[in-house]
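When you line the sequence shown up against this note's numbering, it's residues 3 to 486, in that order. Idealized CB from N, CA, C, for every residue including glycine. Here's the structure, in structure tokens; my notes come after.
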Amino acid sequence: MTIKEVESRTGMTRPNIRYYEKEGLLDPNRHENGYRDYTEQDVRTLLKIKLLRQLHVPVEEIRALSEGTRTLNKTLDEHLKEIQQERMTLSLAEDLCLVIRQDRVTYQTLEPDRYLSRIPRETPRERAFFSIEQDRVQPVSHPWRRYLARMFDFALYRVFCILFASYVLRVHLSSQSGVLHTIFSMLLMLLVEPLLLLLFRTTPGKALFGLRLTSASGGRLRYWSGLTRTMLLFLSGMGLCIPIYEWVRLWKSYRACKDGEWLPWESEDKCDDAAVYTIRDTAPWRGFAWAAASAALLAVICFGAMQSQLPIHRGELTVAQFVENYNDMARFWEADSVLTMNQDGQLYLSEGELGSTFIFASIPVQVEIATEDGFVKSVGLTIESTDQGKHLSTVSDTHRLLTLALAGADVPFFSSPTPFFRSALYEFASGSQLDTGEARWRGFLARRSAQARGYSPYYPGNTFLVPLDSGTQDFHGSFQLIRE
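Structure below.
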């Protein structure tokens, strides 16, 4: 029979039944899928336990009875003596209350020595349990440890989503949606955390604080039970990360956990099998370990985000790899230029798009790629225009993208890209096409020249050129990046 049927037959709650199973008083059969199959003998055993517990017989003595190391008569004889002694103590307490009341004393005039002398020094041994309602594994409190462990786990999934978007989907961090990060992190956590609990009974964050999660019987938490638990945690514990509501749920969960109450995702009323927390210790070093792991996680996301801004191919490049690098950087940086590079290394305007590089003009762009031993040695770009009466924008990401594709590939995967992005070479390539000169960085030389006639800036200092009413217009610009 199922546990629901056992609850109905015995009048016990599911946590009671799981507790007695964990204490070794019950050993139900299990199906291949892990579900318990209770027998009539199990029901009779539970009813025996219920009877003895209502007689205030401790669980330890009931276990001894079931193991045959004690007899029922001996247990009841000892228990009767304790009940009689307890009855005498209660009777004495009643008499003392009546005497103190008849003496009409106040708290200020109460003389305790007069009454303490009437109380015998020997009292019945303390009872740990007086009701089967308390016969269940008590929840682990430590709300801050549990919260920090949860946030560390959630941060792990969030970092994975960010790096996946940066390296696989090639979306710049500044263009990634925080809302989508949260949604996909929750989905990933929903699928992965139950698997971790099934295999290891813990998660990385919980392991840092010595926390483990098992079923009420002490075994591994089934995947579907873990899945249900995580879903309820998102709903009741984290408020689905909805602003304000999330903090309300966190505060209520904190208060309940601190007061030693069972949280919604730990209750067997909501889950098929209650998830029981255990904690190995509360050593101070665990807090330092969590702080160090969090700092390492922050370093990973910072370093990973910076590395993702560089091209996919590194080191010396073939022409095909250089072309892939250029187009990858154009997509990743969402560059102003919509010029795409074909397999021959030539730039062209994508069909149906209007390039912000050269507005209202179709200007031929020539790219020359020189190779040595099969690898790209230099890249040259030449732009010439003699179109009359056309507006011209000299702001373009083309030079920067060429530099990222070739010189950026010289940054090793596991080194910091900061020196490259702060280099004079990168700043020079990111400037206006009207800026002439040259710059170097780690064996790379960039040169640029520009000549414009018959144009004037839209306003002083602006790089958008407007044709003059009189005279002819022509523009010549070149950019060359050389691996020395």
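Bounding residues of the alpha helix (DSSP H) (the contiguous stretch that carries residue i)
i	result
GLY196	One detail in the question is off: residue 196 reads as Pro in this sequence, not Gly. From DSSP, the alpha helix (DSSP H) with PRO196 extends over 180 to 202.
ARG106	Note, ARG106: premise wrong, no alpha helix (DSSP H); not H, not E.
PRO469	Premise fails: PRO469 lies in the beta strand (DSSP E), 466 to 469, not in any alpha helix (DSSP H).
ALA301	287 to 309
THR230	225 to 234
LYS6	5 to 12
LEU53	42 to 56
LEU210	206 to 210
LEU408	400 to 408
ALA258	247 to 260
MET2	Missing from the structure shown is residue 2; the chain here goes from 3 to 486 and no further.
ILE64	61 to 69
Cβ shell of residue i (< 8 angstroms), same chain only, five flanking positions each side left out
i	result
ALA291	LEU210
MET153	GLY207
ALA157	SER296, LEU299
SER177	GLU336
HIS33	ASP39
LEU200	ARG222, LEU223, ARG224, TYR225, GLY228
PHE377	GLU318, LEU319, THR320
THR438	ARG450, SER451, ALA452
LEU404	TYR328, VAL381, LEU383, ALA431, PHE481, LEU483
ASP155	MET191, GLU195, THR205, PRO206, GLY207, LYS208
GLY212	ILE281, ARG282, ASP283, THR284, ALA285, ARG288
Member of the options whose CA lies at the smallest distance from the CA of residue i
i	options	result
GLN390	ASP399, PRO313, ALA454, LEU54	ALA454
LEU235	ARG203, ILE64, LEU189	LEU189
LEU436	ARG449, ALA426, VAL101	ARG449
VAL369	PHE423, ASP375, ASN344, ALA411	ASN344
GLU9	ASP330, LEU48, ASN31	LEU48
GLN56	GLN43, LEU78, TYR37	LEU78
ALA151	ALA372, HIS393, ARG72, PRO206	PRO206
GLY228	VAL378, LEU193, ALA258, ALA322	LEU193
MET14	ARG32, ASP44, TYR37, ASN31	ASP44
ARG333	HIS174, LEU383, VAL468	HIS174
LEU118	ALA95, ARG106, VAL107, ASP105	ALA95
ASP471	LEU92, LEU447, LYS392, PHE415	LYS392
VAL367	ASP375, SER387, VAL378	SER387
SER187	ILE164, PRO17, ARG442, LYS260	ILE164
GLN170	ALA307, ASP261, MET90	Checking the sequence shown, residue 170 turns out to be Val, not Gln. Among ALA307, ASP261, MET90, the Cα nearest to that of VAL170 is on ALA307.
Distance CB(residue i)-CB(residue j) smaller than 8 angstroms
i	j	result
VAL491	TYR21	A query on residue 491 cannot be resolved here, the shown segment of the chain reaching from 3 to 486 and no further.
ALA407	PHE305	no
MET191	TYR225	no
LEU319	THR400	no
TRP264	GLY239	no
GLY479	SER451	yes
THR204	LEU197	no
SER68	LEU27	yes
SER310	SER168	yes
GLY445	ARG485	yes
ARG65	GLU25	yes
ARG251	GLY241	yes
GLY347	ILE385	no
ILE303	VAL181	no
ALA441	PHE423	no
CYS243	THR184	yes
LEU394	PHE477	yes
6 angstroms CB neighbourhood of residue i in its chain, flanking five on each side removed
i	result
GLY473	GLY456
GLN482	GLY382, ARG449
GLY221	none
LEU312	GLY410, VAL413, PRO419
LEU53	none
GLY317	none
TRP443	SER425, LEU427
Residue span of the beta strand (DSSP E) that contains residue i, given as start and end
i	result
ARG449	446 to 455
MET153	Looking at the DSSP string, MET153 is not in any beta strand (DSSP E); the run it does join, the alpha helix (DSSP H), is 145 to 169.
ASP476	476 to 485
LEU215	213 to 217
VAL142	Taken as a continuous stretch (DSSP letters only), VAL142 belongs to no beta strand (DSSP E), as it is neither H nor E.
TYR279	277 to 281
VAL381	377 to 387
ARG442	439 to 443
Same chain, Cβ closer than 7 angstroms to residue i, neighbours up to 5 away in sequence not counted
i	result
ILE314	GLU326, ASN327, ASP330
SER133	Note that SER133 has pLDDT 45, beneath the 50 cutoff, so the model's placement of it is unreliable and the number below is only indicative. Cβ within range, chain order: n/a, list empty.
MET3	TYR40
ILE51	TYR22, LEU27, ILE64
Test: residue i CB closer than 8 angstroms to a CB of chain B
i	result
ALA295	Of the chains in the structure shown, none is chain B; there is only one protein chain.
- For the region 147 to 166 and the region 284 to 304, state whether three or more C-beta atom pairs, one from each stretch, are separated by less than 8 angstroms. Enough Cβ pairs lie closer than 8 angstroms, so yes.
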